[in-house]
Amino acid sequence: ATSLVAEFRSFDLIVAVTGEWNVDVLLCDLQSRKTGIPPIIFGWVEPNATAGHAVLLDSSDDTACLRCGFSDSGRFSRPVTKWPEGAEMFQEPECGAVFSPYGPVDQAWSQALISELSINTLVGRATAKDYHIWVGRKDRVEQLGGDWNEEWISIHGNPELGGRVIKTSWMSSASCGARHETEAA
Numbered sequence: 001a002t003s004l005v006a007e008f009r010s011f012d013l014i015v016a017v018t019g020e021w022n023v024d025v026l027l028c029d030l031q032s033r034k035t036g037i038p039p040i041i042f043g044w045v046e047p048n049a050t051a052g053h054a055v056l057l058d059s060s061d062d063t064a065c066l067r068c069g070f071s072d073s074g075r076f077s078r079p080v081t082k083w084p085e086g087a088e089m090f091q092e093p094e095c096g097a098v099f100s101p102y103g104p105v106d107q108a109w110s111q112a113l114i115s116e117l118s119i120n121t122l123v124g125r126a127t128a129k130d131y132h133i134w135v136g137r138k139d140r141v142e143q144l145g146g147d148w149n150e151e152w153i154s155i156h157g158n159p160e161l162g163g164r165v166i167k168t169s170w171m172s173s174a175s176c177g178a179r180h181e182t183e184a185a
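Laid out in structure tokens, this is it:
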């Protein structure tokens, strides 16, 4: 692990899009401990790829903490969309496998969002805690059985028909715990 951290220091940027919460927490913790790793862009999609997120966190900002926006188990606290239980995943007939019905076209919006933030970071046009949100089309969300999340609307406003990018700053939470424990250590 020590050699991996040393190798990270030679990078200009880390883009974390694995969807593995434990990996994201490790990267967040390494950065908060001022280990010299570069800025990190975390990216993820919501169910059915109907919304996407990209956040830039940099150790130059002591309040930059990915965990502030997630539960301890990695559930995002402010999704754009909401879904009835079970509507996010479908089961294949005659098989135990489950899947979310989206593909490359649906993901393209989120990939572009993450790519744009990555390029802006590398050329110096982004700052720590930049947070970009792709809000998919309302008709697609409704077609798949979802809706806009009222809590998200109360913070960011009604996206109406969707199909837009929102640029804001990443949240900080005094109740985050994990971030504040590493600062006290």
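Mapping to our numbering: the sequence shown position 106 is 106, numbers consecutive. For each residue, glycine too, the CB sits at the ideal point set by N, CA and C. None of these values were measured; they are calculated from a predicted model.
Whole-angstrom C-beta distance between residue j and residue i, which should lie under 8 Å
i    : j    : result
V135 : I166 : 6 Å
G162 : R137 : 5 Å
N120 : A126 : 4 Å
L4   : A16  : L4 to A16, Cβ: 14 Å. No contact.
Residue i (DSSP reduced to helix, strand or coil)
i    : result
L56  : strand
V15  : strand
N22  : helix
G43  : strand
T35  : coil
T50  : coil
T2   : helix
C176 : coil
Closest by C-alpha distance to residue i, when choosing among the options
i    : options                 : result
Q31  : G19, R164, A64 and G103 : A64
D72  : P159, G86, N22 and A108 : N22
S173 : R67, D29, S3 and T121   : R67
F99  : F11, L4, A6 and F90     : F90
Y102 : C28, E85 and L144       : L144
A42  : R33, N48 and V55        : With the sequence shown as reference, residue 42 is identified as Phe, and Ala is not the correct amino acid for it. Selected option, being the one with the closest Cα: V55.
S169 : D130, R140 and S60      : D130
Q107 : E46, F76 and G96        : E46
F70  : G86, V123, H53 and D58  : H53
DSSP beta-bridge partners of residue i
i   : result
F76 : F70
F8  : DSSP output for F8 lists no bridge partner at all.
T81 : W148
Whole alpha helix (DSSP H) elements within the segment 93-171, 4-residue minimum | Taking only runs of at least 4 residues, the alpha helix (DSSP H) segments lying wholly in the segment 93-171 are 104-122, 138-143 and 150-156.
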